[in-house]
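In the working numbering, the protein residues as written are -2 to 285.
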């Protein structure tokens, strides 16, 4: 016991300063995707769908020959970015992926520009630069219970056939490093004590009834948060044939309405914490 005490004393303060300070992320981190309209060959009249063909989960579709990447399906493997001959598609280091709008997770081409009112306030470099931030995705802060979630937000996590990755990164939020409890957030054992249900996994047939029962057991006001690509859309288990037949997992939307989507495979703890804070109305300073 004394050894543990002295080791913690030696390590000193371990909790990250987020959201007061910008997160420190590895240069290899794949965050929010960006499609450069000035580079994309499909927008210049050429027939190019290499990024779509490279995607193993069908997260990219064509809209009037322009690529549109759905973060609700994307596993952030990076194969599409490698396949693009013009380097028009890059994964930035922007960790802010969460949104209360499912439609907002669809990434469409933007242009680099300079100026405060531009979509991306940065001049176009000779090569795509990953270290920049995009405009925040919309998150409508919940005003349920007169804004009481702002000070106390208890979550019940339900794994609907998840692989364990999203669950592990959610568990990290309760450690001394991220310490979500300092914001009044915590995971509870019973849906009776929860304000929000955090869903992970693609929701297969055998989990649907249990998920709905757990949601119904929660007292009003209640919220539902879909964490990870599987919860948002079915992820790796999603197929076009499954959508038509109803036999394959499709995530949460066909069964219950989701109030917040946190995409990723799995989402980084910073992504989840940022989404949770903004969802309950806690201000997160915009990085410089």
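Even glycine gets a Cβ: it sits at the ideal position worked out from N, Cα and C.
In this text the structure is predicted, and so the values were computed from the model without any measurement.
Tell me which residue opens and which closes the beta strand (DSSP E) that residue 207 is part of. Here residue 207 corresponds to residue number 210 of the chain shown, with the count starting at 1. No beta strand (DSSP E) holds residue 207; the alpha helix (DSSP H) holding it covers 202 to 214.
Let me check one thing: in DSSP terms, what residues is residue 63 bridge-paired to? Working through the chain shown from its first residue, we reach residue 63 at position 66. DSSP, once it has assigned bridges, lists 60 as partnering residue 63.
Nearest to residue 102 by CA position, among 186, 131, 155, 81, is which residue? Locating residue 102 in the chain shown gives position 105, where the first residue counts as 1. Taking only the C-alpha atoms, the option nearest residue 102 is 131.
Residues in the same chain with beta-carbon distance under 7 Å from residue 148, minus the five sequence neighbours each way, listed in chain order, please. Stepping through the chain shown from its first residue, residue 148 is reached at position 151. Cβ within range, chain order: 181.
How long is the line joining the alpha carbons of residue 155 and residue 212, rounded to whole angstroms? As a working note, residue 155 is residue 158 in the chain shown. As a working note, residue 212 is residue 215 in the chain shown. Each residue's alpha carbon lies about 10 Å from the other.
I'd like the ranges of any beta strand (DSSP E) spanning at least 3 consecutive residues and lying wholly in the stretch 138 to 178. 150 to 156
Determine which residues share a DSSP beta bridge with residue 182 and list them. Taking the chain shown and counting its residues from 1, one reaches residue 182 at position 185. Answer is 150, bridged to residue 182.
My guess is that residue 191 and residue 221 are in contact by the Cβ rule of under 8 Å, so how many angstroms apart are they, rounded? Against the chain shown, residue 191 aligns to sequence position 194. Against the chain shown, residue 221 aligns to sequence position 224. So it is not a contact: roughly 10 Å between Cβ atoms.
Closest by C-alpha distance to residue 157, when choosing among 30, 166, 198: To locate residue 157, count along the chain shown from 1; it is residue 160. Considering only alpha carbons, the answer is 198.
Roughly how many angstroms separate the alpha carbons of residue 2 and residue 8, rounded to a whole number? What you label residue 2 is simply residue 5 of the chain shown in a count that begins at 1. What you label residue 8 is simply residue 11 of the chain shown in a count that begins at 1. Rounded to whole angstroms, residue 2 to residue 8 spans 10 Å at the Cα level.
Who pairs with residue 223 in a beta bridge, going by DSSP? Against the chain shown, residue 223 aligns to sequence position 226. In DSSP, residue 223 forms a bridge with 196, 258.
With DSSP collapsed to three states, give me the class of residue 263. Position 266 of the chain shown holds residue 263. Three-state DSSP puts residue 263 in coil, outside helix and strand.
Sequence-distant residues of its chain with Cβ nearer than 6 Å to residue 275 (five each side left out): Taking the chain shown and counting its residues from 1, one reaches residue 275 at position 278. Here the set comprises 136, 281.
What's the gap between the Cα of residue 292 and the Cα of residue -1? With the chain represented from -2 up to 285, any question about residue 292 goes unanswered, as that position is not in the structure.
Are the stretch 220 to 235 and the stretch 257 to 266 touching by the rule of at least three beta carbon pairs closer than 8 Å? yes
Determine, for residue 134, whether the minimum Cβ-Cβ distance to residues of chain B falls below 9 Å. Chain labels in this structure do not include chain B; a single protein chain is all it has.
Taking the beta strand (DSSP E) that residue 86 belongs to, which residues open and close that run? The residue you call residue 86 lines up with position 89 of the chain shown. Where residue 86 is concerned, the enclosing beta strand (DSSP E) stretches over 86 to 88.
For residue 176, tell me which candidate among 63, 93, 271, 187 has the shortest Cα-Cα distance. In the chain shown, the residue the question calls residue 176 occupies position 179. Selected option, being the one with the closest Cα: 271.
Does the pairing of the stretch 14 to 33 with the stretch 84 to 94 give three or more beta-carbon distances under 8 Å? yes
How big is the Cα-Cα spacing for residue 258 and residue 203? Residue 258 sits at position 261 when you count from the first residue of the chain shown. Residue 203 sits at position 206 when you count from the first residue of the chain shown. If I take the Cα positions, the gap works out to 23 Å.
Sort 250, 10, 11 by Cα distance to residue 231 and report the nearest one. Position 234 of the chain shown, counted from the first residue, corresponds to residue 231. The residue with the shortest Cα to Cα distance from residue 231 is 250.
Of all the options 172, 215, 162, which has the alpha carbon lying nearest to the alpha carbon of residue 187? Taking the first residue of the chain shown as 1, we reach residue 187 at position 190. Answer by Cα proximity: 215.
Under the three-state DSSP convention, the category residue 30 falls into: Walking along the chain shown from the start, residue 30 turns up at place 33. Strand at residue 30.
Just the C-alpha distance for residue 209 and residue 163, rounded to the nearest angstrom, thanks. For this step, residue 209 is matched to residue 212 along the chain shown. For this step, residue 163 is matched to residue 166 along the chain shown. Roughly 20 Å between the two C-alpha positions.
Report the three-state DSSP secondary structure of residue 114 (helix, strand or coil). For the purposes of this step, residue 114 is identified with residue 117 of the chain shown, where counting begins at 1. Bear in mind that the predicted position of residue 114 carries a pLDDT of just 40, short of 50, making it unreliable; the figure below should be weighed with that in mind. In this structure, residue 114 counts as coil in the three-state DSSP scheme.
Whole-angstrom C-beta distance between residue 200 and residue 153, which should lie under 8 Å: Residue mapping note: residue 153 aligns to position 156 of the chain shown, counting from 1. Residue mapping note: residue 200 aligns to position 203 of the chain shown, counting from 1. Rounded, the Cβ-Cβ distance is 16 Å, inconsistent with contact.
Just reading off the alpha helix (DSSP H) that residue 78 is part of, what are its end residues? Mapped onto the chain shown, residue 78 falls at position 81. It spans 76 to 80 - the alpha helix (DSSP H) in which residue 78 sits, taken as one unbroken run.
Whose C-beta lies closer than 6 Å to the C-beta of residue 80 among residues of the same chain, with five residues either side of it excluded? Locating residue 80 in the chain shown gives position 83, where the first residue counts as 1. Cβ within range, chain order: 47, 48, 51.
Alpha helix (DSSP H) segment containing residue 253, residue limits: Your numbering for residue 253 matches position 256 in the chain shown. Looking at the DSSP string, residue 253 is not in any alpha helix (DSSP H), and its letter there is neither H nor E.
Let me know if residue 235 comes out buried or exposed under the rule of 16 or more other beta-carbons within 10 Å of its beta-carbon. If you number the chain shown from 1, residue 235 lands on position 238. Residue 235 is buried by the Cβ-count criterion.
Would you list the residues sitting across from residue 187 in a DSSP beta bridge? As a position in the chain shown, residue 187 is number 190, starting the count at 1. None; residue 187 has no bridge partner.
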